[in-house]
Amino acid sequence: MEDIQSGDRVTQGLSAVWNLILLRPPIRDVCLNIALQSAVHQNDEVRMKAIRLVANKLYPIQCIAQKIEDFASQKLLSVVDGFPTLEGLETEVSATSLQKDTDVETFSTGVQKSENEGSKEPTSDKDQGTSSSSFAEAQKCTSLFFALCTKKHSLLRQVFEFYQKMPTNVKQAVHRHMPILVRTIGNSPELFGIISDPPTGSESLLMQVLHTLTDRTNPSSELILSVKKLYNSKLKDVEFLIPILPFLSKDEVLPIFPQLVNLPLDKFQAALGRLLLVSSYSSSALTPAEALIAIHGIDSEKDGVPLKKVMDACSSCFEQREVFTQQVFAKALNQLVEQIPLPLLFMRTVIQAIGAFPTLVDFVMEILSRLVSKQIWKYPKLWVGFLKCALQTKPQSFNVLLQLPAAQLENALHKNPSLKPALVEHADQPNLRSSLPRSTLVVLGLVTDSQIPSQVQTTQTPPVDTTNPAAEGVVEMTQESSATS
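Residues 1 to 485 in UniProt numbering are what the sequence shown lists, from first letter to last.
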């Protein structure tokens, strides 16, 4: 009951101040100061009710609007610099005296403090003047300014201009206010102007604004154009395009894809998830298969993306089985195998795919067979991967190995001697042996023929250094990655 009465007293007091401002011009400034000081009062209820009065009722009054704006700006600046201005302290002292003189202190006392205020340890005036404002103090001093921003959108630029100088706790208060403000002003030309040309140092605040404007909603064409303008003219940082990725075309996404892959892995995964987002608001710019193909199309040297990052990006796709399904990988590999030249990471992905989806083995055998017809041994790094894959998929891979020319088959068996006994046994089946070239049988030791030794010289095969870290790195499959499959 006491709380209700206290709330009524606050409302009644503020109502009286409002009436005096409207009806008693001689004491208008005095009453306005009372209202403004109440708008930064330490008590939440007093402060919020006063802010509503000032922003909704008093700010529209032309003769006092500038005074209100100046006061709110001063309070914002007081926490930006980390301490109240001298003028601010003098105003507070004067207003406190005026409150007592007019008996308006009745609505600013006796009201229970909010829990967050009550839990704070008291600080001295000296401490407040020499240290950065607390989060609660920052909230108290910035709330009025943000309320005015809903009425006059151009004020918002000041927040972005001061952002770089703000202490951490003040930035936290600003980030608390910003989503509510942004949703309120929506498609504001002033806001779009800030997005396309933000003050230096306000990047993290701008990113929050972009995510707020694109959260579960279809961004306006003006917003998309503003972000594109920002990217093309001022901040060549692909992170600012992430919020609007679902709303870009494939032709717009593919040129920036290497930059997305070059982001830290967690940010790339977030970007990829957003890129592949299909909702009631938009269709995805790329299909999962197209995304896989785009990853494999990155040229580390040309695009300036470390090979390790490309490999990590590809591996991360295997972690999203609901999106990158067996069918998706099959579709992507089926297209990649036809590329000339073959992508550097192609065999690595084939090996990962067979580990993640064992039922793809027959499909992979078709891929390996096509690689034989493409003379895969002419690409040393890919040849290493081909042999690894054949070793991991035996005995299914035996028929593919038997398609190799004799020189390449001998090279394969030399690098992987454990393959030979089982392969010889497989090839010695009557119905299969009769279909194999004599040179292949010689390599397998199933026949001897002194007439054709030159056909099985390993010098016919380009030397492959399987101990080369670059070659091994491209197709490396760790025990951990195999286990997670």
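Even glycine gets a Cβ: it sits at the ideal position worked out from N, Cα and C.
Computed from a predicted model, the values in this text were never measured in an experiment.
Burial state of residue i (16 or more Cβ within 10 Å)
| i | result |
| --- | --- |
| Cys63 | exposed |
| Asn411 | buried |
| Ile180 | exposed |
| Ala422 | exposed |
| Ser119 | The predicted model places Ser119 with a pLDDT of 35, which falls under 50 and marks its position as unreliable, so this point remains unresolved. |
| His41 | buried |
| Thr142 | buried |
| Leu432 | exposed |
| Glu45 | buried |
| Leu409 | buried |
| Pro258 | buried |
| Asn232 | exposed |
| Ile61 | exposed |
| His296 | buried |
| Leu23 | exposed |
| Arg216 | exposed |
| Lys75 | buried |
| Pro378 | Contrary to the premise, residue 378 reads as Lys rather than Pro in this sequence. Exposed, because fewer than 16 other Cβ atoms sit within 10 Å of the Cβ of Lys378. |
| residue 489 | Shown here, the chain extends from 1 to 485; a query on residue 489 therefore has no answer. |
| Asn43 | buried |
| Arg47 | buried |
| Pro25 | exposed |
| Pro405 | buried |
| Ser38 | buried |
Rounded separation between residue i and residue j - CA only
| i | j | result |
| --- | --- | --- |
| Leu58 | Asp251 | 51 Å |
| Leu436 | Val447 | 12 Å |
| Ala356 | Glu319 | 10 Å |
| Leu36 | Ala50 | 7 Å |
| Pro246 | Leu263 | 18 Å |
| Leu53 | Asp29 | 15 Å |
| Ile27 | Leu77 | 27 Å |
| Val337 | Ile376 | 11 Å |
| Leu441 | Lys415 | 18 Å |
| Lys152 | Asp197 | 19 Å |
| Asp266 | Ser249 | 23 Å |
| Leu342 | Glu366 | 16 Å |
| Gln339 | Glu190 | 48 Å |
| Met347 | Leu235 | 37 Å |
| Lys171 | Ile21 | 34 Å |
| His426 | Thr349 | 28 Å |
| Glu301 | Leu275 | 25 Å |
| Asp8 | Ser15 | 10 Å |
| Val238 | Ala313 | 16 Å |
| Val270 | Met207 | Going by the sequence as given, residue 270 is Ala instead of Val. Near 14 Å, if we compare the C-alpha coordinates of Met207 and Ala270. |
| Leu444 | Ser369 | 20 Å |
| Asp70 | Leu144 | 11 Å |
| Asn19 | Gly193 | 38 Å |
| Thr325 | Pro380 | 30 Å |
| Leu32 | His211 | 38 Å |
| Ser434 | Phe268 | 53 Å |
Beta-carbon proximity list for residue i, same chain, < 7 Å, skipping 5 on both sides
| i | result |
| --- | --- |
| Thr123 | In this prediction, Thr123 scores a pLDDT of 41, lower than 50, which makes its location untrustworthy; no coordinate-derived value is stated. |
| Pro219 | Leu213, Ile244, Phe247 |
| Ser188 | His153 |
| Gly201 | Tyr163, Gln164 |
| residue 491 | Any answer about residue 491 is impossible in this case: the structure gives the chain only from 1 up to 485. |
| Leu254 | Ala294 |
| Asp428 | Leu446 |
| Val159 | Val174 |
| Lys309 | Val261, Asn262 |
| Cys317 | Leu292, Phe324 |
| Leu401 | Ala390, Leu409, Ala412, Leu423 |
Sequence-distant residues of its chain with Cβ nearer than 8 Å to residue i (five each side left out)
| i | result |
| --- | --- |
| Thr150 | Ala55, Leu181, Thr184, Ile185 |
| Lys331 | Ala289 |
| Val361 | Ile354, Thr393, Gln396 |
| Phe398 | Ala422, Leu423, His426, Ala427 |
| Leu304 | Note on identity: in this sequence residue 304 is Gly, with Leu being the wrong assignment. Here the set comprises Pro258, Asn262. |
6 Å CB neighbourhood of residue i in its chain, flanking five on each side removed
| i | result |
| --- | --- |
| Val209 | Val182 |
| Val328 | Pro288, Ala289 |
- Item | Completely contained alpha helix (DSSP H) runs for the stretch 368–399, where each covers 4 or more residues | Taking 4 residues as the shortest admissible run, the stretch 368–399 contains the following complete alpha helix (DSSP H) segments, listed from N- to C-terminal end: 380–392.
- Any chance you could list the alpha helix (DSSP H) runs of at least 4 consecutive residues sitting entirely within the stretch 219–288, in chain order? 221–233, 250–253, 257–261, 265–275
- Query: Can you list the alpha helix (DSSP H) stretches of 4 or more residues lying completely in the stretch 125–207, in chain order?
  - Reply: Runs of the alpha helix (DSSP H) inside the stretch 125–207: 125–130, 135–149, 156–163, 168–185, 189–196.
- Unbroken stretches of the beta strand (DSSP E), 3 residues or longer, contained in the stretch 23–87: none
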